[in-house]
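In the UniProt record's numbering, the protein residues as written are 1 to 108. Even for Gly, the Cβ is constructed at its ideal location relative to N, Cα and C. First up is the structure itself, then whatever we jot down about it.
Here is the structure:
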């Protein structure tokens, strides 16, 4: 797992915030390293939402607000017959200010 110059709790909050944005907007633009860390995190969330049980819903509600969980369940319905690979990463041009590698992550 990449550290992103953060300790454990701020790093978890960063991933949770990126996941929230991706769920709400269905695509986000961020650095390539962050998209590569976000992908397995979001794929596990979608797999959990696909189960559609009370336990999986409560596990998601522990992490996110109710409207985020509702949107995640709505997104997961599209992938009921898919076993994984719910997201794609598209590499973009370097960021102008610091030449960081940028990428867009979106749902397939």
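Query: Inter-residue spacing [alpha-carbon to alpha-carbon] between residue 14 and residue 34; Result: 9 angstroms
Query: Own chain, CB closer than 8 angstroms to residue 80, minus 5 neighbours either side, in chain order; Result: 50
Query: Pick from 97, 83, 68 that is closest to residue 25, judged by C-alpha positions; Result: 68
Query: Rounded separation between residue 104 and residue 31 - CA only; Result: 8 angstroms
Query: Inter-residue Cα distance where the pair is residue 48 and residue 1; Result: 21 angstroms
Query: Limits of the alpha helix (DSSP H) - the one that residue 35 falls within; Result: 32-51
Query: Proximity winner among 63, 95, 94, 29, relative to residue 41 (alpha-carbon distances); Result: 63
Query: Distance, residue 16 Cα to residue 8 Cα; Result: 12 angstroms
Query: Selection from 3, 5, 52 that minimises the alpha carbon distance to residue 77; Result: 52
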